[in-house]
Amino acid sequence: MFFWIIQRDLLLAVRRRSDVLTTLFFFVIVVSLFPLSVGPEMNLLRIMAPGVVWVAALLASMLSLGRLFSSDYLDGTLEQMLLSPQSLSILVLGKALAHWLVTGVPLVLMAPVLGIQYDLPADALFVLVLSLLLGTPVLSLIGAIGAALTLGLRGGGVLVSLLVLPLYIPVLIFGAGAVEANMAGISYDAHLSLLGAFLLVSLVFAPWAIASSLRVSME
Amino acid sequence: MAINWYKYASPASFYILAGKMVPFFAIVAIGLLIAGLYIGFFVAPTDFQQGEAYRIIFIHVPAAWMSMFLYVVMALWAGIGLAFNTRLSSMMATAIAPTGAMFTFLALWTGSLWGKPMWGTWWVWDARLTSELILLFLYIGFMSLQAAIDDPRRADKAGAIIALVGVINIPIIYFSVQWWNTLHQGASVSVTQAPTMASVMLTGMMIMVFASWMYAIAVILKRVRIIILERESHTAWVAELRKKGAL
């Protein structure tokens, strides 16, 4: 059932490619706006790069949250999921994972190209990819809580940003921090370990929170 | 003498009880406030390092403590409301949020007023200031989520989940911000080395802490009364009160 959900969501994403591409291009455009606003000074851009890429990834991942449950909510699939004998936590874990595969992974793959725009050295690019790889699933898991809570509400899109962005802060700090540490010549192991810890903690707690949020929203 | 707690879990009887408690806490709060401010402004000596500007701690420190404490209390009530499905607990959580947000804002505001003469800047990205700012965001998230939901029971439960997620995250956020701060060394000033305080200053500050505490209880009880009335306006006991002219 868990894999079935992932498979189904991936299939839906493939059928509606534009959704995935919109998020990806949003990410690219936001990152490209910064040089235009602060100037093409390469030294400055190199310092800013980890933060800019990470903030853009945060926003891109958050913007796509609206789609996570809304179509299933509208066509009644979500109701069936709630009624099914399967544990709802497992089902929503599948949905969050599919969301990560559809939005998070493209961001991770695109990040090195954007890093080159900012003249990041090769090993910093590697750390950037690694940190995004560990961090973006956490964004999907935490974001799914917000998406479930704001399901069907007026102005849900803006509201979800108020709810989840403060919770994203630790991931942002250590994600961007890992790249900065690498560029400063310090070990980035601790950052990545902490990102991994966040991933494990959110894997344990988030499905439960998402499931109870969905139950509250669907009552 | 045993108090029947279950009786006061009912909004109708708590409404009456809270009405009796509000004046008591309000009077105590005003009394302590006058005493605390008097000590703060007239009795406590001028600090030899910070001059007169240090006196802002008499408001700043209680506000900062209350802001953090109230979030935990709010999450506790929200959690009880979610677990036992008690309406009154959720109403308490809803009533606490604005007061908590107010104290958070007050702590940030007085902090920046203190920062200008001491550090020469209104704002530094110090770990404590940043965490306090994020706490304000969490309060705002909680309140705007509840405001966006029309059905009060759904608002209660949704708010409870986000408050609980927030309370789990607060220590993580706090330590992340602290780590971030020590790594970047952005802020050259640090608030951590608190100089040992003259005892009269400490007394004044503690009195102000209790004053804020009493104020918070009074205002929250007052607000929960209003929330009870609003939600129970269709019930018989509210109609009874209205008939008696008690409203």
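The listed protein sequences derive, respectively, from chains U and L. Numbering of the first sequence is given in this note's numbering, commencing with residue 1 and proceeding in unit increments. Numbering of the second sequence is given in this note's numbering, commencing with residue 1001 and proceeding in unit increments. Where a beta carbon is used, it is the ideal one built from N, C-alpha and C, also for glycine.
In the structure shown, L:Gly1051 falls within a strand segment according to DSSP collapsed to helix, strand and coil. L:Gly1120 sits in coil when the DSSP states are folded into three classes, being neither helix nor strand. Counting C-beta atoms within 10 angstroms of its own C-beta, L:Asp1150 has fewer than 16 neighbours from the protein chains shown and is therefore classed as exposed.
Residue environment for L:Ile1034: exposed (fewer than 16 other C-beta atoms within 10 angstroms of its C-beta).
The beta carbon of L:Trp1114 sits closer than 7 Å to the beta carbons of Ala1053, Ile1056 and His1060 from its chain, once the five residues preceding and following it are set aside; these are given in chain order. DSSP places L:Gly1245 outside any alpha helix (DSSP H), giving it a letter other than H or E.
Counting along the chain, L:Pro1062 sits inside the alpha helix (DSSP H) bounded by residues Ile1057 to Phe1084.
About 6 Å separates the beta carbons of U:Leu120 and U:Arg46, which is inside the 8 Å limit, making them a contact pair. Considering only L:Gln1146, L:Thr1110 and L:Thr1046, the residue with the shortest C-alpha distance to L:Lys1157 is L:Gln1146. Collapsing the DSSP output to three states places L:Tyr1006 in coil.
Contact with chain L is absent for U:Ser131, since none of that chain's Cβ atoms lies less than 7 Å from the residue's Cβ. About 7 Å separates the CB atoms of U:Leu167 and L:Val1165; that is less than 8 Å, so the two are in contact.
Straight through space, the alpha carbons of U:Leu24 and L:Leu1108 are spaced by roughly 37 Å. Listed along chain L, the residues sitting closer than 7 Å to U:Arg154 by beta-carbon distance are Ala1148.
Only residues of its own chain outside the window of five on either side were considered, and among them Ala60 and Leu63 have a CB closer than 7 Å to the CB of U:Phe26, listed in chain order.
Put simply, the CB of L:Trp1077 is far from chain U, with every gap to its CB atoms at 7 Å or more. The C-alpha of U:Ile29 lies about 44 Å from the C-alpha of L:Met1091. By the Cβ neighbour-count rule, L:Trp1125 is exposed, with fewer than 16 other Cβ atoms within 10 Å of its own. Below the 8 Å Cβ cutoff, chain U contributes no neighbours of L:Asn1004, its closest Cβ being approximately 31 Å away. By the Cβ criterion, the segment 1115 to 1122 of chain L is not in contact with the segment 1062 to 1080 of chain L, since fewer than three pairs of Cβ atoms, one from each stretch, lie closer than 8 Å. In this model, U:Arg8 and U:Glu180 are separated by some 38 Å (Cα to Cα). Ranked by Cα distance from U:Leu194, the first of U:Gly177, U:Pro106, U:Ala184 and U:Gly185 is U:Gly177. The residues Ala1018, Met1091, Met1092 and Ala1095, in chain order, have a CB closer than 7 Å to that of L:Val1224 in the same chain once the five nearest residues on each side in sequence are set aside. Close partners of U:Val92 in chain L (Cβ separation under 8 Å) are lacking, with about 13 Å as the shortest Cβ gap. Against chain U, the beta carbon of L:Arg1154 has neighbours under 9 Å at Val216, Ser217 and Glu219, listed in chain order. Between the segment 1135 to 1145 of chain L and the segment 1098 to 1105 of chain L there are three or more inter-stretch CB-CB distances shorter than 8 Å, so the stretches are counted as touching. For U:Val158 and L:Lys1243, the gap between their C-alpha atoms comes out near 44 Å.
Between L:Met1205 and L:Phe1058, the CB-CB gap stays under 7 Å. Approximately 15 Å separates the beta-carbon atoms of U:Pro106 and U:Leu128; this is outside 8 Å, ruling out the contact. Along the segment 200 to 212 of chain U, the positions whose C-beta sits under 9 Å from a C-beta of chain L are Val201, Phe205, Ala206, Ala209 and Ser212, read in chain order. Taking C-alpha positions only, L:Met1021 is separated from L:Leu1221 by approximately 8 Å. At a cut-off of 7 Å between C-beta atoms, L:Asn1169 counts as an interface residue with respect to chain U.
Sequence-ordered contacts of the segment 1118 to 1141 of chain L with chain U read Ile1134, Phe1137, Leu1138, Ile1140 and Gly1141 [C-beta pairs closer than 8 Å].
U:Ile6 has a beta carbon lying at 7 Å or more from every beta carbon in chain L. Shown here for U:Tyr188: same chain residues with a beta carbon closer than 7 Å to its own, the five before and five after excluded, namely Val127, Ala178, Ala181 and Asn182 in chain order.
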